[in-house]
Amino acid sequence: MNSFAGKWALITGASSGLGVEFADLLAAQKVNLVLAARRQEPMEKLASNLHSKYGVDVLVEAIDLASPGAAIRLKSSLDAKSVAIDILLNNAGYGLHGDFLETPIERTVDMIQLDITALTELTYLFGRDMATRRSGYILLVASLLAFQAVPSYAAYAATKAYVLALGEALHDELRPHGVIVTTLCPGHTATGFDAAAGATASAILRLLTMKPRPVAASGIRALLQGRATVVAGLSNKIAAFSNRLTPRSMQRATMRRIMGS
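Heads up, the sequence shown is in our numbering, so the first residue is 2 and it goes up one at a time.
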């Protein structure tokens, strides 16, 4: 990870969960950071801690990436500060648990705006600069749910299937331009995801839950290694591989039981 030293990284969703772990891991490698999320106070506290602990520069950008045009505003703000992003960690996102028709469509659209549209715009805007410089790294955070349809998480799983497909395609498209694109697929992780999604983890999920630190570390390690995709955790790797061997109807039934729907 020493090759990341001295670079600038933009981490979205940096106020909690995996975003905090990504920030600490990169700062430990002397990477300067831009933290972007809605909540400014926790990011300011994190920025102060990381600067004191590791001596890196940390900028805070309080922004709602789910709002239309947010990606362009963030890029313009960093351009005005003459900050060129070498590493983009597209981590911001959330899920919605429940039947599709019982979830207000406004909430679903807001989730899609963040999980798909903002991620795509950020990848384009910063990826274009990286390709021009012929150097850069992009990590897209998908999910284990990207590998199959998931009743009770129908729209969320679909957004992550998009992220996975986009990331794998861009891995091949951008590599000749010197840009590495890696997609991280975490399973159930001990973050605030369940609370935000309005879900209660089933007994099976609680047994399979990973801590956020090793999940974040696996993503950064895979990015530096130039891998296209990484599934965090052995049990999650087995689950993703098993989808190649089972009918899609069986996959949906299994996920319904696991997700407690």
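We put the CB at the ideal spot given by N, CA and C, even for glycine.
Burial state of residue i (16 or more Cβ within 10 Å)
{"i": "Tyr-95", "result": "buried"}
{"i": "Pro-213", "result": "buried"}
{"i": "Lys-54", "result": "exposed"}
{"i": "Lys-76", "result": "buried"}
{"i": "Val-32", "result": "buried"}
{"i": "Val-110", "result": "exposed"}
C-alpha gap between residue i and residue j, whole angstroms
{"i": "Met-112", "j": "Tyr-154", "result": "12 Å"}
{"i": "Ala-159", "j": "Ala-147", "result": "7 Å"}
{"i": "Met-2", "j": "Lys-82", "result": "Its pLDDT being 44, under 50, Met-2 is placed unreliably in this model, and the coordinates cannot settle the point."}
{"i": "Leu-264", "j": "Ser-16", "result": "Since the first residue of the chain shown is 2 and the last is 262, residue 264 is not available in this structure."}
{"i": "Gly-193", "j": "Leu-19", "result": "10 Å"}
{"i": "Ser-49", "j": "Ala-28", "result": "12 Å"}
{"i": "Gly-137", "j": "Thr-210", "result": "31 Å"}
{"i": "Leu-11", "j": "Arg-74", "result": "14 Å"}
{"i": "Arg-40", "j": "Val-231", "result": "29 Å"}
{"i": "Met-44", "j": "Ser-250", "result": "43 Å"}
{"i": "Glu-169", "j": "Thr-104", "result": "30 Å"}
{"i": "Thr-124", "j": "Ala-229", "result": "15 Å"}
{"i": "Gly-56", "j": "Arg-253", "result": "48 Å"}
{"i": "Arg-129", "j": "Ala-63", "result": "23 Å"}
Opposing strand residues paired with residue i [DSSP bridges]
{"i": "Lys-91", "result": "Per the sequence shown, the amino acid found at residue 91 is Asn instead of Lys. Beta-bridge pairing links Asn-91 to Leu-141."}
{"i": "Ala-63", "result": "Ala-38"}
{"i": "Ile-12", "result": "Leu-36 and Leu-90"}
For residue j and residue i, believed in contact at Cβ under 8 Å, the rounded distance
{"i": "Ile-221", "j": "Leu-26", "result": "6 Å"}
{"i": "Leu-90", "j": "Leu-140", "result": "5 Å"}
Inset, instruction - Could you name each continuous alpha helix (DSSP H) segment of 4 residues or more that falls completely within the segment 167-232, going from the start of the chain to the end? - result: Annotation note: the segment 167-232 contains the following uninterrupted alpha helix (DSSP H) runs of length 4 or greater, listed N- to C-terminal: 194-198, 204-209 and 213-226.
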